[in-house]
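Report on the structure given below.
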């Protein structure tokens, strides 16, 4: 009788051990699937092309070798931006030496955030702009693009700063799919995003 | 009040952000420029300043608090995060606000 009981306990223990391994599955693909030519396709960031803080042309195609995190901000933002940037910087420091990870910050105020101003912002943030790109966008397209990154952004004269936007930090894979995000205004969500970045790195760059 | 208007930039630990936003915690500038602080809070500031040896050029927005609120904010930051700056009185704050340049 005793043997049977121990056997049962052993089997249950194995089950518990298996279940706790759930975290090793792939990251989800976030966003609505679309039907394209009769096939369900995952949400993908549409092509964009702007200039960076050095006034050099950059596009999403330049990011295909990397996975990256993105946020939307503007320099004169009196509310959430510094806090979101602080979290972005934590992510930057965590992956500073990992060449496979980039960071991209899009301004939603291209009128005032010129490339030169973005450059000095990056200098003051004390980050390497080879790793963390600051993108000077175009007003006509940036709000729609933010939407594709699931970040709401729009101009609103009644709001301090003149713009309303979410503080999400978005993780994008090499195919342009959104795979995870954190709330830049909630520092306790950053560790999970960092864990997801590591997971995605294992997925995208498997160690043979 | 610090939480509502000041914390977003100067952060809840008073450490600011790199060379963009100066710290308030153990900041020599705060300690040495007490008479200017009411005006800075009310009108904001666009000067280049040096805090603990680091230069800051970014503009700070002001906030139209009343004198009581400003007094309370200053007394909060003067004693938070290890700061040991003397508290200010309402009269002192009123006097300093009356003399802001702008």
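Protein chains in written order, with our numbering: chain L, 470 to 677; chain X, -15 to 86. From the three backbone atoms N, C-alpha and C, an ideal C-beta is built for every residue, glycine too. As the structure is a computational prediction, the values presented were derived from the model and not from experiment.
Can you tell me which of the three DSSP states residue 568 of chain L falls into?
For the purposes of this step, residue 568 of chain L is taken as the residue at position 99 of the first chain. DSSP places residue 568 of chain L outside both helix and strand once states are collapsed to three, so it counts as coil.
Using the beta-carbon of each residue, which ones in chain L are nearer than 7 Å to residue 5 of chain X?
Position 21 of the second chain holds residue 5 of chain X. Neighbours of residue 5 of chain X on chain L, chain order: 551.
Inter-residue spacing [alpha-carbon to alpha-carbon] between residue 628 of chain L and residue 579 of chain L:
Against the first chain, residue 628 of chain L aligns to sequence position 159. Against the first chain, residue 579 of chain L aligns to sequence position 110. Their Cα atoms are separated by approximately 18 Å.
Tell me the rounded alpha-carbon separation between residue 514 of chain L and residue 72 of chain X.
For the purposes of this step, residue 514 of chain L is identified with residue 45 of the first chain, where counting begins at 1. For the purposes of this step, residue 72 of chain X is identified with residue 88 of the second chain, where counting begins at 1. In a straight line, the C-alpha of residue 514 of chain L is about 54 Å away from that of residue 72 of chain X.
Would you mind stating whether residue 3 of chain X and residue 568 of chain L have Cβ atoms separated by less than 9 Å?
For the purposes of this step, residue 3 of chain X is taken as residue 19 along the second chain, with counting starting at 1. For the purposes of this step, residue 568 of chain L is taken as residue 99 along the first chain, with counting starting at 1. Their beta carbons are not under 9 Å apart, which means residue 3 of chain X does not touch residue 568 of chain L by this criterion.
Determine the chain L residues that contact residue 45 of chain X at a beta-carbon separation under 7 Å, and present them in chain order.
On the second chain, position 61 is the one that residue 45 of chain X refers to. Within chain L, the residues near residue 45 of chain X are 547.
For the structure I just gave you, are there three or more beta carbon pairs, one from the region 511 to 529 of chain L and one from the region 603 to 610 of chain L, closer than 8 Å?
Counting C-beta pairs closer than 8 Å gives three or more between the region 511 to 529 of chain L and the region 603 to 610 of chain L, which meets the contact rule.
Closer than 8 Å between beta carbons: that is the criterion. Which residues of the region 551 to 569 of chain L meet it against chain X?
Taking 8 Å as the Cβ-Cβ cut-off against chain X, the residues of the region 551 to 569 of chain L that qualify are 551, 552, 554, 555 and 558.
For the candidate residues X/45, X/36, X/-11 and X/76, whose alpha-carbon lies nearest to that of residue 12 of chain X?
The residue you call residue 12 of chain X lines up with position 28 of the second chain. Closest option to residue 12 of chain X, Cα to Cα, is X/36.
Helix, strand or coil for residue 435 of chain L, going by three-state DSSP, please let me know.
Since the first residue of chain L shown is 470 and the last is 677, residue 435 of chain L is not available in this structure.
Specify the secondary structure class of residue 49 of chain X as computed by DSSP and reduced to three states.
Numbered from its first residue, the second chain carries residue 49 of chain X at position 65. Secondary structure at residue 49 of chain X: coil, using DSSP grouped into helix, strand and coil.
Could you tell me whether any Cβ in chain X is nearer than 9 Å to the Cβ of residue 643 of chain L?
Looking up residue 643 of chain L in the first chain gives position 174. Using a Cβ-Cβ cut-off of 9 Å, residue 643 of chain L does not count as an interface residue toward chain X, since no Cβ of chain X sits closer than that to its own.
Label residue -7 of chain X either buried or exposed according to how many other C-beta atoms from any shown protein chain fall within 10 Å of its C-beta, with 16 as the threshold for buried.
Position 9 of the second chain, counting from 1, holds the residue named residue -7 of chain X. Looking at its Cβ environment, which holds 16 or more other Cβ atoms inside 10 Å, residue -7 of chain X is buried.
Partner residues on chain L for residue -10 of chain X, Cβ-Cβ distance less than 7 Å:
Here the question's residue -10 of chain X lines up with position 6 in the second chain. For residue -10 of chain X, no chain L residue has a Cβ inside 7 Å of its Cβ, as the nearest lies near 10 Å away.
Residue 9 of chain X touches chain L at which residues, Cβ-Cβ below 8 Å?
Here residue 9 of chain X corresponds to residue number 25 of the second chain, with the count starting at 1. By Cβ distance, chain L contributes nothing, its closest Cβ being about 15 Å from residue 9 of chain X, past 8 Å.
Tell me the residue span of the alpha helix (DSSP H) that contains residue 2 of chain X.
Taking the first residue of the second chain as 1, we reach residue 2 of chain X at position 18. Looking at the DSSP string, residue 2 of chain X is not in any alpha helix (DSSP H), and its letter there is neither H nor E.
Given this structure, state the Cα-to-Cα distance separating residue 66 of chain X from residue -2 of chain X, to the nearest angstrom.
Stepping through the second chain from its first residue, residue 66 of chain X is reached at position 82. Stepping through the second chain from its first residue, residue -2 of chain X is reached at position 14. When the Cα atoms are used, residue 66 of chain X and residue -2 of chain X turn out to be separated by approximately 10 Å.
If we cut at 9 Å on Cβ distances, does residue 544 of chain L have a partner in chain X?
By 1-based counting over the first chain, the position of residue 544 of chain L is 75. Interface residue, yes.
Beta-carbon contacts of residue 554 of chain L that lie in its chain and below 7 Å, excluding the five residues immediately before and after:
Residue mapping note: residue 554 of chain L aligns to position 85 of the first chain, counting from 1. In its chain, beyond the 5 residues on either side, 542 and 594 have a beta carbon closer than 7 Å to the beta carbon of residue 554 of chain L.
Go through its chain and collect everything with a Cβ distance to residue 517 of chain L's Cβ below 6 Å, but skip five positions before and after it.
In the first chain, the residue the question calls residue 517 of chain L occupies position 48. Beyond the five residues adjoining it in sequence on each side, residue 517 of chain L comes within less than 6 Å, by CB distance, of 529 and 614 in the same chain, given in chain order.
How big is the Cα-Cα spacing for residue 115 of chain X and residue 60 of chain X?
Only positions -15 to 86 of chain X appear in this structure, which leaves residue 115 of chain X out of reach.
Do you know how far the Cα of residue 659 of chain L is from the Cα of residue 0 of chain X?
Along the second chain, one-based indexing puts residue 0 of chain X at 16. Along the first chain, one-based indexing puts residue 659 of chain L at 190. Taking the straight line joining both Cα atoms gives about 18 Å.
Within its chain, find whatever has a CB closer than 7 Å to the CB of residue 490 of chain L; leave out the 5 residues flanking it on each side and keep chain order.
If you number the first chain from 1, residue 490 of chain L lands on position 21. Unreliable positioning characterises residue 490 of chain L in this predicted model, as indicated by a pLDDT of 42, which lies under 50. A coordinate reading is not provided.
Residue -5 of chain X versus chain L: which residues are under 8 Å apart at the beta carbon?
Start at 1 with the first residue of the second chain, and residue -5 of chain X comes out as number 11. Those within 8 Å of residue -5 of chain X in chain L are 551, 552 and 555.
Which residues in chain X sit within 8 Å of residue 595 of chain L, going by Cβ to Cβ distance?
To locate residue 595 of chain L, count along the first chain from 1; it is residue 126. Near residue 595 of chain L (Cβ distances below 8 Å), the residues of chain X are 2 and 3.
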